[in-house]
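Engineer:
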Amino acid sequence: MGVTADRRTVGHPGVGRVLVVIPTYNEADNVDRIVARVRKAAPAVDVLVADDNSPDGTGAIADGLAGADPQVHVLHRPGKEGLGAAYLAGFAWARQRGYDAVVEMDADGSHAPEDLPALLDAARDADMVIGSRWTRGARVLNWPLRRLLLSRAGNLYARLALGVPVSDATGGYRVYRAAALDAIDLASVRSQGYAFQVELSRLAHRAGVRMVEVPITFAEREHGDSKMSPLIVAEALWRITTWGLRDRRAAARRPDALARWP
Ligand SMILES: Nc1nc2c(ncn2[C@@H]2O[C@H](COP(=O)(O)OP(=O)(O)OP(=O)(O)O)[C@@H](O)[C@H]2O)c(=O)[nH]1
Ligand SMILES: [Mg+2]
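In my numbering, the protein residues as written are 464 to 725.
#1: Indicate whether the contact test is met: 3 or more Cβ pairs, each with one atom in the segment 602 to 618 and one in the segment 645 to 654, closer than 8 Å.
#2: Do VAL677 and ALA585 count as a contact pair if the criterion is CB distance below 8 Å?
#3: Pairs of beta-carbons, one from the segment 473 to 491 and one from the segment 508 to 519, closer than 8 Å: are there three or more?
#4: May I have all residues whose beta carbon comes closer than 7 Å to any heavy atom of ligand 2, sorted in chain order?
#5: Could you spell out the range, first to last residue, of the alpha helix (DSSP H) harbouring ALA650?
#6: Output needed for GLY474: all residues of its chain with C-beta closer than 6 Å, excluding positions within five of it in sequence on either side, in chain order.
#7: Hey, quick one: how far does the beta strand (DSSP E) through PRO476 stretch, first residue to last?
#8: Just the C-alpha distance for ASP563 and LEU582, rounded to the nearest angstrom, thanks.
#9: Within 10 Å of its beta-carbon, does GLN655 have 16 or more other beta-carbons around it, so buried, or fewer, so exposed?
#10: Within this structure, are the beta carbons of TYR639 and VAL696 separated by less than 8 Å?
#11: Once you ignore the five residues that flank GLU685 on each side, which residues in its own chain have a CB closer than 7 Å to its CB?
#12: Count the C-beta pairs between the segment 517 to 536 and the segment 592 to 603 that are closer than 8 Å, then say yes if the count reaches three, no if not.
#13: Looking at ASP569 and GLY635, is the spacing between their C-beta atoms short of 8 Å?
#14: ARG716 to VAL512, Cα distance in whole Å?
#15: Taking just the CA atoms, how far does GLY553 sit from LEU546?
#16: Got a sec: does ligand 1 put a non-hydrogen atom nearer than 7 Å to the Cβ of GLY545?
#17: Quick one: using the 10 Å Cβ neighbour count with 16 as the cut-off for buried, is MET591 buried or exposed?
#18: Identify every residue that forms a DSSP beta bridge with PHE681.
#19: Give a single yes or no on whether THR680 has its beta carbon closer than 7 Å to a heavy atom of ligand 1.
#20: Between which two residues does the beta strand (DSSP E) holding TYR455 run?
#21: Who does HIS536 pair with in a DSSP beta bridge?
#22: Which residue marks the beginning of the beta strand (DSSP E) containing VAL629, and which one marks its end?
#23: What does a CB cutoff of less than 7 Å around ALA555 pick up in its chain, not counting 5 residues either side in sequence?
#24: Among ARG665, ALA525 and ALA505, whose alpha-carbon lies nearest the alpha-carbon of ARG622?
#25: Consider the C-beta atom of MET691 and the heavy atoms of ligand 1; say whether any pair is separated by less than 7 Å.
#26: Please name the residue, chosen from ASN618, LEU604, VAL652 and ALA624, that lies closest to TYR680 on a Cα-to-Cα basis.
#27: For ARG673, which residues of its own chain have a beta-carbon under 6 Å away from its beta-carbon, when the five flanking residues on both sides are left out?
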């Protein structure tokens, strides 16, 4: 067995084979940096770039990286369908190939690959690990005040409306072990933007998935353009409100369920 095969079977101690899924849309200036950082920070994990046919050629750059490193893979998707759809496709790719855990990570460097070993260590005793910007010990670097406020307000609203007991339900730096993915009804997920992270937090909480939060150092993107839009914020607001109302109606119909809310 070669070195690569050894590493693939070893994965992360106590967790198993890990796949980091990095969704990309026009991240030509970032994709090589982020993949290199992941490979250096956690050499035993594999990487899947899930590219939505980026017009800037991100997919071709990722192909070059995959050609040079058997632990790097690319999933080419036909067009821009949103972060949520790219992650669902990445999760399915991982499950088909028997990975024990998947990691969500942005391509723009906001999620430091150097924090990944700590997240994976925490996954030994949990089925879902959230890298949190809003827990003790976390740091948020160079974020404009409006983004800080949006994130804090979004998290407060998600917690109050849905009762999800985490400080960063909108964050996108996470580990899901296979048990967590099996417990969540992924086929029911409809969210595209940030709402996707909140939806998975909600479904995991309702399914009784063991969750922990680990503080991260989050940094503003340095290269490329944001895909954040008022539409993405509106989707999150609308979906969180709908889920919150639905959960309350369900709780009112079944008095025994009240004990489980929030
Ligand atoms: N495959 C795919 N990836 C996407 C899509 N939209 C966003 N992404 C990726 O999802 C990650 C997060 O998107 P960002 O644009 O960084 O969103 P953000 O972090 O809210 O915004 P910034 O402030 O610019 O960092 C990045 O890696 C994007 O390339 C999409 O439609 N398809
Ligand atoms: Mg970003």
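Ideal Cβ placement from N, Cα and C applies to all residues, glycine included.
Predicted model only: the values in this text are computed from it and were never measured.
Structural biologist: Reading it off the structure:
#1: no
#2: yes
#3: yes
#4: ASP569, ASP571, SER573, ARG684 and SER689
#5: No alpha helix (DSSP H) holds ALA650; DSSP gives it neither H nor E.
#6: ARG480, VAL481 and ALA507
#7: It is not in any beta strand (DSSP E) - PRO476 carries neither H nor E in the DSSP assignment.
#8: 15 Å
#9: buried
#10: no
#11: GLY572
#12: no
#13: yes
#14: 44 Å
#15: 10 Å
#16: yes
#17: buried
#18: HIS574 and VAL603
#19: no
#20: Because the chain in this structure spans residues 464 to 725, residue 455 falls outside the shown range and cannot be described.
#21: LEU511
#22: Taken as a continuous stretch (DSSP letters only), VAL629 belongs to no beta strand (DSSP E), as it is neither H nor E.
#23: none
#24: ARG665
#25: yes
#26: Looking at the sequence shown, residue 680 is not Tyr but Thr. Nearest C-alpha to THR680: LEU604.
#27: ALA589 and ASP590
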